[in-house]
Amino acid sequence: MTSGSLRAIAYSLGQMNDSAGNVTGRQQPTAATLTARTVAEVVARVGQARQTGRALYPVSTGLNWGYGSTSPVTAGCDLLDLSGMNRILNADRISLSNPVAVIEPGVTQGQLHDFLQQHCPALTFNVTGSARDTSIIGNALDRGVGYFGPRKDDLFGLEVVLGTGEILRTGFRRLGDDSPLAHSHPSGLGPMLDGLFFQGNSGIVTSACFRLRPRRPREVAISLALRRVEDLPAFIDELARMKREGLLPSVTHLGHRARTQSTLSYGISKYLVDVCRLSPPAALGETGRALNIVAPNEWTSLAALTGNARQVRAAIAEIRRRTRALARLMVVTERLLDVGHAIAHRLRFIPYARAYAAVLAASRPLHGLALGIPTDVAIQSLLWTFGHSSDRAAEFDQSRCGLLYVSPALPLNGRIAAEVADGMKSVAAEHGHTLYMTLNIETDTSLVAVANLLFDRTMPVEVARAHACADALLAFVRSRGLEIYRARADMMESIVAATPDHWRQLRELKRVFDPDNVIAPGRYNLAQ
Numbered sequence: 001m002t003s004g005s006l007r008a009i010a011y012s013l014g015q016m017n018d019s020a021g022n023v024t025g026r027q028q029p030t031a032a033t034l035t036a037r038t039v040a041e042v043v044a045r046v047g048q049a050r051q052t053g054r055a056l057y058p059v060s061t062g063l064n065w066g067y068g069s070t071s072p073v074t075a076g077c078d079l080l081d082l083s084g085m086n087r088i089l090n091a092d093r094i095s096l097s098n099p100v101a102v103i104e105p106g107v108t109q110g111q112l113h114d115f116l117q118q119h120c121p122a123l124t125f126n127v128t129g130s131a132r133d134t135s136i137i138g139n140a141l142d143r144g145v146g147y148f149g150p151r152k153d154d155l156f157g158l159e160v161v162l163g164t165g166e167i168l169r170t171g172f173r174r175l176g177d178d179s180p181l182a183h184s185h186p187s188g189l190g191p192m193l194d195g196l197f198f199q200g201n202s203g204i205v206t207s208a209c210f211r212l213r214p215r216r217p218r219e220v221a222i223s224l225a226l227r228r229v230e231d232l233p234a235f236i237d238e239l240a241r242m243k244r245e246g247l248l249p250s251v252t253h254l255g256h257r258a259r260t261q262s263t264l265s266y267g268i269s270k271y272l273v274d275v276c277r278l279s280p281p282a283a284l285g286e287t288g289r290a291l292n293i294v295a296p297n298e299w300t301s302l303a304a305l306t307g308n309a310r311q312v313r314a315a316i317a318e319i320r321r322r323t324r325a326l327a328r329l330m331v332v333t334e335r336l337l338d339v340g341h342a343i344a345h346r347l348r349f350i351p352y353a354r355a356y357a358a359v360l361a362a363s364r365p366l367h368g369l370a371l372g373i374p375t376d377v378a379i380q381s382l383l384w385t386f387g388h389s390s391d392r393a394a395e396f397d398q399s400r401c402g403l404l405y406v407s408p409a410l411p412l413n414g415r416i417a418a419e420v421a422d423g424m425k426s427v428a429a430e431h432g433h434t435l436y437m438t439l440n441i442e443t444d445t446s447l448v449a450v451a452n453l454l455f456d457r458t459m460p461v462e463v464a465r466a467h468a469c470a471d472a473l474l475a476f477v478r479s480r481g482l483e484i485y486r487a488r489a490d491m492m493e494s495i496v497a498a499t500p501d502h503w504r505q506l507r508e509l510k511r512v513f514d515p516d517n518v519i520a521p522g523r524y525n526l527a528q
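Note that the sequence shown ends on residue 528 in this note's numbering; no numbers are left out.
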């Protein structure tokens, strides 16, 4: 065992008393929990922090699962809970001709979706695969990836309380919210300051403009199941070409079999228990058989196609023609799910039909994600896997489940992506772990690999083993000249240590906006 592994074990054993509220298994202690419901209260909290010298660690809803939840980077901060700032500030002005929501950090995916369904159902937005109660602003500021694209591209016109206590409004919001440009023109005039607050710690974002999207007459999800694993590089390259040509404009999520089966397991088992009245042990066995029947492929993609009927029909025909030799295409619509499930449900006394009905029931929320409907199913699957007493996603940090992300950014190159995916899976296997991975083609030139480890965090040795594996995965990624695109709170020290000159420059820039270093010290920056 390496000295690094021994240090990881010692660290985890010492941290277990503080890890009860964090799925990463590591939680830095906080001094107090504070709240703020208005911008004025945030300004006052910053002023108090400057007077006392006790730093603030702001969280939107605190559900940054697998990346740190509510854990600060450094011990002794006051946790600043912004979940009470949950207003849609321009609720009465959102429309098809004004598709922008001005939201506070406590506004969640579920809240905005429900609001739009009630008040403007012709609009939707870029959802992520996380739960309904996760913060839109919090996720976007940490550069989360939705089903329509990178969330950072949806956010502009930030209102920020700086570490000086001053209020900064980026873009044309500096003209005041009554200006017709404030919520419409994303760039403003002069240098764009928005980027300083994405994965930054110079201020506390108290509201932002968030782009909404019009629903199209025809909306379908398409799934492509790779026939042969050795064709993965060619498959990614073809998906890249279709992305660049606008044939696949949404993010294509290419999930490894372990990730796909893990996500479907809960929904399949729930149908078998609740509807078919199987016992939980019998349902578990049948879930495994169902997955092997309907989801046997090593890699399966999910993307959205929207437009008018002719556009979608033509796009499907072209995608089928270009991928026929590589993958099996399935077009998923609400009607297909309804009709297929109804038939299979009536025939559920036949094992194959029952498996098909269960998979269709489990697939419905995933289909919805591709079309802008948030769901808790990913977290519910993990709660179910670890035997939690309920399926409430909000209880995730109180479950036994341990979750760590190590997610590299990659060039949109099939050979490199396949080699890195295979290498990361091998590193995880050497540490006795299964790696759960999705390759997200998010731009015309890049993709991100969202990869995670699962473990039982009630066992200190398992926490230590998982973190040792995560460290090895990061080392492998860096050995390829790559870096992660999003960091956990517990890994910030190793992140800044890799390129210290870069982070020293950012630390000097932070002094302008936060001279006393009272906002999230050490988060995507030097701690001192």
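Glycine included, every Cβ here is placed at the ideal spot set by N, Cα and C.
By the neighbour-count criterion, in which a residue is buried when 16 or more other Cβ atoms sit within 10 angstroms of its Cβ, G432 is exposed. Under the 10 Å beta carbon count, A466 is surrounded by 16 or more other beta carbons and is classified as buried. For T438, there is no enclosing alpha helix (DSSP H); the enclosing beta strand (DSSP E) covers residues 436–441. Exclusion of the five residues before and after L168 leaves V160, L162 as the residues of its chain whose Cβ lies within less than 6 Å of its Cβ. Under the DSSP assignment, D81 falls outside any alpha helix (DSSP H), being part of the beta strand (DSSP E) whose first and last residues are 78–81. Relative to the Cα of D456, the nearest Cα in the group A475, L447, F386, D231 belongs to F386. A check of alpha carbon separations from R143 across G200, A370, A464, N90 identifies G200 as the nearest. For R213, the CB contacts under 8 Å within the same chain, skipping 5 residues up- and downstream, are P99, L123, T124, F125, N126, F148, G372 in chain order. Assignment of H341 by DSSP, reduced to helix, strand and coil, places it in the helix class. Per DSSP, the unbroken beta strand (DSSP E) holding L305 starts and ends at 299–307. By the C-beta density criterion, E286 is buried, having at least 16 other C-beta atoms within 10 angstroms. Unbroken beta strand (DSSP E) stretches of 3 residues or longer found wholly inside the stretch 419–481: 436–441, 446–456, given in chain order. T385 has no beta-bridge partner at all, per DSSP. Under the three-state reduction of DSSP output, V46 falls in the helix class. C-alpha of N440 to C-alpha of L248: approximately 12 Å in a straight line. Taking C-beta atoms under 8 Å as the contact rule, F235 and D194 fail to qualify, at a distance of about 35 Å. With a threshold of 16 other beta carbon atoms within 10 Å, Q118 falls short and is exposed. Going by C-alpha positions, L453 is about 31 Å away from S202. In the structure shown, H256 falls within a strand segment according to DSSP collapsed to helix, strand and coil.
R415 and S250 have their alpha carbons spaced roughly 22 Å apart.
When DSSP assignments are scanned along the stretch 316–377, the uninterrupted stretches of alpha helix (DSSP H) that are 4 or more residues long and fall wholly within it turn out to be 334–346, 351–370.
Across the structure, N297 and A225 are spaced so that their CA atoms are roughly 6 Å apart. Residues of the same chain with a CB within less than 6 Å of the CB of R50, apart from the 5 flanking positions on each side, are D516, V518 in chain order.
Put simply, the stretch 403–410 touches the stretch 474–483. At least three CB pairs are less than 8 Å apart. Under the DSSP assignment, E508 falls in the alpha helix (DSSP H) whose first and last residues are 500–513. Put simply, of L239, R218, D422, E430 the residue whose alpha carbon is nearest the alpha carbon of R322 is L239. Comparing alpha-carbon positions, the option among T164, N64, E493 lying closest to A131 turns out to be N64. In the structure shown, S265 falls within a helical segment according to DSSP collapsed to helix, strand and coil.
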